[in-house]
Amino acid sequence: MRLEDKVVQYLEFCRYRKELDEKTLKAYRIDLRQYFTYLASDVPSKEQIEEYITYLHRKYKQKTVKRKIASVKAFYNYLEDVEIIAENPFHKIKVRFKEKVTLPRIIPREEIEHILNHIYKCLNKSTEKSRRYILRDVAVVELFFATGARVYEISNIKEDCVDLHTGLIRIMGKGGKERYVQISNTSVLHILKQYFDENKAEIQKNGFFFINNRGSRYTEQSVRLMLKKYTKQAGIKRNITPHMFRHSFATYLIEEGVDISCVQQILGHSSIRTTQIYIHIAAKKQAEILRELHPRNKMKIAGAA
75 MRLEDKVVQY LEFCRYRKEL DEKTLKAYRI DLRQYFTYLA SDVPSKEQIE
125 EYITYLHRKY KQKTVKRKIA SVKAFYNYLE DVEIIAENPF HKIKVRFKEK
175 VTLPRIIPRE EIEHILNHIY KCLNKSTEKS RRYILRDVAV VELFFATGAR
225 VYEISNIKED CVDLHTGLIR IMGKGGKERY VQISNTSVLH ILKQYFDENK
275 AEIQKNGFFF INNRGSRYTE QSVRLMLKKY TKQAGIKRNI TPHMFRHSFA
325 TYLIEEGVDI SCVQQILGHS SIRTTQIYIH IAAKKQAEIL RELHPRNKMK
375 IAGAA
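Using the working numbering, the first residue of the sequence shown is number 75, and each one after it goes up by one.
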């Protein structure tokens with residue numbers, strides 16, 4: 075029996091029992107194929123595994139190495155659980171990572187405002203033919219900033235997941251986890267209703283809420299290209315991506331004093347540690363605290379301005 079032959083069985087388990095998404099399954103498939111290709115051994119020794127880990131560190135960034143090792147470990151855990159192997163060889167491997175904090179990039183508030191103003195300007199100047207598609211683009215960008223949703227979550231929203239009366243949207247996140255986000259801004263809800271009304275037949279036929287000019291799902295890549303187009307038209311030099319809206323959404327909510335556990339729930343983070351990164355970049359809130367509460371403000375220093 076070759077352990078490599080059990081990869082298909084494992085991926086089926088991940089797909090149907092753990093309900094992992096296609097993106098995760100693809101990463102597992104690539105990582106496991108790379109592992110078995112490099113080792114060329116069905117029962118690798120501790121030294122061979124250590125050598126492979128060193129190889130990964132030489133070739134990839136820490137985040138990628140961490141993921142690739144986690145993929146292999148999870149596979150061995152599965153084999154151990156179903157009693158295909160007696161012991162997981164990774165139990166004897168100690169892997170430590172120096173945690174590197176990479177602060178997420180956010181969009182300045184004035185640039186978000188500028189982009190939205192530009193797209194609405196395009197909408198007001200639109201022809202009868204182009205109006206329905208520009209309505210869609212406005213709705214997508216508004217929804218990014220209103221919900222903090224990921225690009226694939228927005229792209230895959232189904233028509234029956236959007237309640238245009240209450241403004242409640244059901245979002246399907248990582249690993250098939252569902253969450254609800256409330257649209258409370260009346261302007262955002264109004265543009266969603268306008269878009270739906272002018273594209274109703276195609277949306278109901280296709281099933282997805284956001285559709286392209288062929289009546290198919292508005293794909294993640296199309297959304298990225300759309301955002302790049304409007305950003306360039308608006309004269310913004312910064313390379314703005316859909317995920318930067320998610321970072322900005324979280325950061326500005328925390329700056330306004332929203333509890334971090336609430337932001338965690340809205341974003342669909344399974345761990346609050348993931349959400350805590352936004353505390354570090356909530357600069358406006360930090361500036362207000364230091365300006366109002368810093369003890370230096372109460373000190374009387376002779377000769378100081």
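Cβ coordinates follow ideal geometry from the N, Cα and C atoms, glycine included. Just so we're clear, the structure is a prediction, and the values are computed from it rather than from any experiment.
- Per DSSP, Y207 is one residue of the alpha helix (DSSP H) stretching across 202 to 221.
- Within the model, the alpha-carbon separation for L94 versus I158 is close to 22 Å.
- The C-beta separation of R210 from F284 comes to about 6 Å, placing the pair in contact by the 8 Å criterion.
- For G289, the closest of L299, L301, F270 by C-alpha to C-alpha distance is F270.
- For Y226, same chain residues with a beta-carbon under 6 Å away, outside a window of 5 residues either side, are E294 in chain order.
- Note on Y254: under 16 other CB atoms within 10 angstroms of its CB, so exposed under the neighbour-count rule.
- The C-beta separation of E233 from Q278 comes to about 6 Å, placing the pair in contact by the 8 Å criterion.
- Per DSSP, E78 lies in no beta strand (DSSP E) and is assigned neither H nor E.
- Below 8 Å, too few C-beta pairs join the region 88 to 107 and the region 159 to 168 to call them touching: fewer than three.
- A distance below 8 Å separates the beta carbons of V337 and Y352.
- Take the alpha-carbon of S145 and the one of G249: they are about 15 Å apart.
- The beta carbons of I208 and L217 sit about 15 Å from each other, so the pair does not count as a contact at 8 Å.
- Around the beta carbon of T305, 16 or more other beta carbons lie within 10 angstroms, which makes this residue buried.
- Under the three-state reduction of DSSP output, V332 falls in the coil class, being neither helix nor strand.
- Shortest Cα-Cα distance from L130 to any of L153, S115, L106, V117 involves L106.
- In the DSSP assignment, E252 falls within the beta strand (DSSP E) that extends over 252 to 256.
- In this structure, the CA atom of K120 is about 17 Å from the CA atom of A148.
- In this structure, the beta-carbon distance from I189 to S322 does not fall below 8 Å.
- Contact between V212 and Y194 is confirmed by a C-beta separation of about 6 Å, below the 8 Å threshold.
- Taken in chain order, the complete beta strand (DSSP E) segments of 3 residues or longer contained in the region 234 to 281 are 242 to 246, 252 to 256.
- An exposed status is given to R183, since fewer than 16 other beta-carbon atoms sit within 10 Å of its beta-carbon.
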